Amino acid sequence: QPEISNQHLCTMMVSIRRNSSGTQSTMRVTLYAAILAAFALTAIYLLSDTSSSTAVSIEEEEVSPQKVMMTTVRKKTATASKSSTIADATTTTAAITEDYERDEEGGDLMTITQGSITYKSTTNNSPQQLDYYHCGPHPTPLQSQHPQQPSSTSELILLHGAAFTKENWKTSGILDKLCDINNNEDGGDLSISAWDLPVSATGVELRDAFEGMVDKGVLSGGAVTFVTPSASGKALTTLVESVIGNEEEQEHSELIVMVKGWISVASGAVLKTSDEALLKYVNDGVPVLAIHGDQDVMGKKVTERLVELTKAKGVELEGRHPVYLDSPDEFVMEVIKFMEDNGL
200 QPEISNQHLC TMMVSIRRNS SGTQSTMRVT LYAAILAAFA LTAIYLLSDT
250 SSSTAVSIEE EEVSPQKVMM TTVRKKTATA SKSSTIADAT TTTAAITEDY
300 ERDEEGGDLM TITQGSITYK STTNNSPQQL DYYHCGPHPT PLQSQHPQQP
350 SSTSELILLH GAAFTKENWK TSGILDKLCD INNNEDGGDL SISAWDLPVS
400 ATGVELRDAF EGMVDKGVLS GGAVTFVTPS ASGKALTTLV ESVIGNEEEQ
450 EHSELIVMVK GWISVASGAV LKTSDEALLK YVNDGVPVLA IHGDQDVMGK
500 KVTERLVELT KAKGVELEGR HPVYLDSPDE FVMEVIKFME DNGL
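Note that the working numbering has the sequence shown beginning at 200, numbered continuously upward.
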């Protein structure tokens, strides 16, 4: 075999190394490309999954019942008052609208419902609970925003004496009789609430409870007719006493703002109230009905004082001190007649 020179051998080795180097470079490039492709595919998959999840979340949010309800409330609020904006729609407005829509859809206005609210007392700066019964129409959103505007709905609030609770209005059948007025023939325009407000409540505490009921959509915020048996009359007498001697308060009297009519049932606090305070009912044009039982000596004195100072209509029924429980039918008749005669 021919001899291979050293020079030729060196040339062959250099050529082999170059080919090997070129092959390795090609393999590295191919490997890098494969790795980059894998990363790219992974990224695309992850981004696609995230976008899909986001789309599902957005879709779920758009059909959320809460979102639908608030959107409806905002539209209704904007329709009722052009000055209102979507941002002004609140949870309270939502509750009022929901109750009003239920009434409009033909809910039974004679049905008695039970509820409870928590309101802040300005007397002791602490939350207070108030249980109540209610029947009749709820205030419309427009009534709640403009409580001083005339409304076709009348509102009646029943308080209770020291030995009783709101339950007595129900068990006696009086609450049912009053609620029965809201039948289809009469149009269902009487909203009735029986409160468990303590008989120790003053006029200030009555106002706090009143505002709490307005905030929760039970009352419209306009003036109402109060029924105050026995010790609960303190709330009405101290309410008017709080504005006596205060010129600024008298110009914007809470008596006018809150009280449209007063039905006193042997409210003993009347006997301890000043003439000036009671005369304010006449001066502010608030009609008064004074009821007592024919067996109640103290109750008769209350009626006589109210007739003398407030131009009240005096009525005597058969019964004891809690005469509304002894003569429930006659009592209901007198209440309704008084409200009708005075446009309450």
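Positions of the beta carbon are idealized from the N, C-alpha and C atoms, including for glycine. For clarity, every value in this text was computed on a predicted model and none was experimentally measured.
Can you give the Cα-Cα distance for A293 and D414, rounded to whole angstroms? The predicted position of A293 is uncertain, since its pLDDT is 41 and thus under 50; a value taken from the coordinates is nonetheless stated next. The straight-line gap from Cα to Cα measures roughly 11 Å.
Under the three-state reduction of DSSP, which class applies to I356: helix, strand or coil? strand
Beta-carbon within less than 6 Å of K512's beta-carbon, same chain only, minus the 5 sequence neighbours each way: which residues are those? L488
Out of G402, N323, T312, state which residue places its alpha-carbon closest to the alpha-carbon of K365. T312
Leaving out five residues before and five after L329 in sequence, what residues of the same chain have Cβ atoms less than 8 Å from its Cβ? S315, I316, T317, Y318, W394, D395, L396, A408, G411, M412
Who pairs with G332 in a beta bridge, going by DSSP? As written in the sequence, residue 332 is Tyr, which differs from the Gly given in the question. BP columns for Y332 point to Q313, A393.
With DSSP collapsed to three states, give me the class of S325. strand
Among residues of its own chain, excluding the 5 on either side of K433, which ones have a beta-carbon nearer than 6 Å to its beta-carbon? A468
Out of K459, E404, K376, which one is the CA nearest neighbour of S325? E404
Here's the rule: buried if 16 or more other CB atoms are within 10 angstroms of the residue's CB, otherwise exposed. What is E517? exposed
Counting pairs of beta carbons, one from the region 351-364 and one from the region 419-439, are three or more of them closer than 8 Å? In short, these stretches touch, since the Cβ pair count reaches three.
H359 and P428 - do their beta-carbons sit closer together than 8 Å? yes
Close Cβ partners of E539 (< 7 Å) along its chain, the five nearest in sequence each way excluded: None.
Contacts around P486, its chain only, beta-carbon distance under 6 Å, and the 5 residues preceding and following it disregarded: Apart from sequence neighbours up to five positions away, the residues of its chain that approach P486 with a beta-carbon distance below 6 Å are G460, N541, ordered along the chain.
Which value, in whole angstroms, describes the spacing of the CA atoms of R406 and M457? The straight-line gap from Cα to Cα measures roughly 8 Å.
What would DSSP say about V501, mapped onto helix, strand or coil? helix
Taking 8 Å as the threshold (C-beta atoms), are G335 and L389 in contact? yes
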